[in-house]
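What follows is a set of notes on a single structure, which appears directly below.
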Amino acid sequence: MPKERMQVYFIDNDEYFKRKALYTDEDNKLFDDNDERAIFFAKGVIETVKKLNWAPDIIHVHGWMASLLPLYIKEYYKDDALFSESKIVTSVYNKGFEGSLNKKFIEKIKFDNIDESTIETMSNPNYVNILINAIQNSDAVIKGSEELPSELDEILKATEKPVLDYFPVSEFDTAYTEFYLNKVL
Numbered sequence: 001m002p003k004e005r006m007q008v009y010f011i012d013n014d015e016y017f018k019r020k021a022l023y024t025d026e027d028n029k030l031f032d033d034n035d036e037r038a039i040f041f042a043k044g045v046i047e048t049v050k051k052l053n054w055a056p057d058i059i060h061v062h063g064w065m066a067s068l069l070p071l072y073i074k075e076y077y078k079d080d081a082l083f084s085e086s087k088i089v090t091s092v093y094n095k096g097f098e099g100s101l102n103k104k105f106i107e108k109i110k111f112d113n114i115d116e117s118t119i120e121t122m123s124n125p126n127y128v129n130i131l132i133n134a135i136q137n138s139d140a141v142i143k144g145s146e147e148l149p150s151e152l153d154e155i156l157k158a159t160e161k162p163v164l165d166y167f168p169v170s171e172f173d174t175a176y177t178e179f180y181l182n183k184v185l
């Protein structure tokens, strides 16, 4: 991609993102509003795509902060024609966060009229449960780490969705392209 020209858009909000640290405070405790930041980010990305009138073929989600995108696209924006043909791919990794997000996380998502049955896996909003929900709402999954938490490995073994095993960085360009073309689209 270095030779490709592309536009890059940043989703920003000073209240949520203008901090010295990314996810934790100086005592290594999760910021209490990480849940709201993830919701804001997911909706901000989707609203930006809508505003630009892009109809993405593939939406590839990386990292837990973006892992609400599959849920919001499949539930909150399910009647939006712009995303009707879009396929969602989520990459899962072994590095996330320790502990749980704000216990009111589910209530905040339900505020957007998302059915509770689609978010019950996140009743304990820890890293693994948030990714399990992302997997459930994705069309395909990529293992972004050689080793994953055992709960995620079990979910991936049991799913009927296409799963691309881990590939080192030197090989993933070809592997991802083949996966997109042969399994996702």
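The sequence shown lines up with residues 1 to 185 when you count with our numbering. Glycine included, every Cβ here is placed at the ideal spot set by N, Cα and C.
>> On a Cα-Cα basis, can you pick out the residue from Glu36, Val128 and Thr24 that is closest to Lys150?
In response: For the purposes of this step, residue 150 is identified with residue 150 of the sequence shown, where counting begins at 1. Strictly speaking, residue 150 in this sequence is Ser, with Lys absent from that position. Checked all of Glu36, Val128 and Thr24; the closest Cα to Ser150 is Val128.
> To which residues does DSSP link Lys143 through a beta bridge?
Replying inline: Against the sequence shown, residue 143 aligns to sequence position 143. The beta-bridge partner set that DSSP reports for Lys143 consists of Val92.
> Alpha carbon to alpha carbon, what distance is there between Asp79 and Phe186?
Replying inline: A query on residue 186 cannot be resolved here, the shown segment of the chain reaching from 1 to 185 and no further.
> Per DSSP, what kind of secondary structure is Ile59 in: helix, strand or coil?
Replying inline: One-based indexing of the sequence shown puts residue 59 at position 59. For Ile59, the secondary structure class from DSSP, reduced to helix, strand or coil, is strand.
> In whole angstroms, what is the alpha-carbon distance linking Glu171 and Gly44?
Replying inline: Numbered from its first residue, the sequence shown carries residue 171 at position 171. Numbered from its first residue, the sequence shown carries residue 44 at position 44. Their backbone Cα atoms lie some 32 Å apart in a straight line.
> Can Ile155 and Ile109 be called in contact, C-beta distance under 8 Å?
Replying inline: Walking along the sequence shown from the start, residue 155 turns up at place 155. Walking along the sequence shown from the start, residue 109 turns up at place 109. No, these two residues do not count as a Cβ contact at 8 Å.
> Buried or exposed: Phe10, going by 16 or more other Cβ atoms within 10 Å of its Cβ?
Replying inline: Numbered from its first residue, the sequence shown carries residue 10 at position 10. Exposed is the call here.
> Measuring CB to CB, does Gly99 end up less than 8 Å from Leu30?
Replying inline: Along the sequence shown, read from residue 1 onward, the residue named residue 99 stands at position 99. Along the sequence shown, read from residue 1 onward, the residue named residue 30 stands at position 30. Taking 8 Å as the Cβ cut-off, Gly99 and Leu30 qualify as a contacting pair.
> Taking just the CA atoms, how far does Asp139 sit from Lys161?
Replying inline: On the sequence shown, residue 161 is found 161 positions in, with the first residue counted as 1. On the sequence shown, residue 139 is found 139 positions in, with the first residue counted as 1. Answer to the nearest angstrom: the Cα atoms are 6 Å apart.
>> Using 8 Å as the threshold, is the C-beta distance between Asn133 and Leu181 below it?
In response: Looking up residue 133 in the sequence shown gives position 133. Looking up residue 181 in the sequence shown gives position 181. Not a contact, by the Cβ cut-off of 8 Å.
> Using DSSP with H/G/I as helix, E/B as strand and the rest coil, what is Asn34?
Replying inline: On the sequence shown, position 34 is the one that residue 34 refers to. Shown here, Asn34 sits in a helix according to DSSP, grouped into three states.
>> Let's test the definition: count the other Cβ atoms within 10 Å of the Cβ of Val184 and tell me whether it reaches 16, buried, or not, exposed.
In response: Taking the first residue of the sequence shown as position 1, residue 184 is located at position 184. Counting the other Cβ atoms within 10 Å of the Cβ of Val184 gives 16 or more, which makes it buried.
>> In the DSSP assignment, the alpha helix (DSSP H) including Asp14 goes from what residue to what residue?
In response: As a first step, residue 14 must be located in the sequence shown, where it is residue number 14. Unbroken alpha helix (DSSP H) run through Asp14: Asp14 to Phe17.
> If you run the structure through DSSP and keep just helix, strand and coil, what is Lys104?
Replying inline: Numbered from its first residue, the sequence shown carries residue 104 at position 104. DSSP, reduced to helix, strand and coil, places Lys104 outside both helices and strands of the structure shown, so it counts as coil.
> Ser145 to Lys87, Cα distance in whole Å?
Replying inline: Start at 1 with the first residue of the sequence shown, and residue 145 comes out as number 145. Start at 1 with the first residue of the sequence shown, and residue 87 comes out as number 87. The alpha-carbon of Ser145 is positioned some 22 Å away from that of Lys87.
> Which whole-angstrom value is the C-beta distance of Lys143 and Asp173, which I expect to be below 8 Å?
Replying inline: As a working mapping, residue 143 is identified with position 143 in the sequence shown. As a working mapping, residue 173 is identified with position 173 in the sequence shown. The Cβ separation is near 16 Å, so there is no contact.
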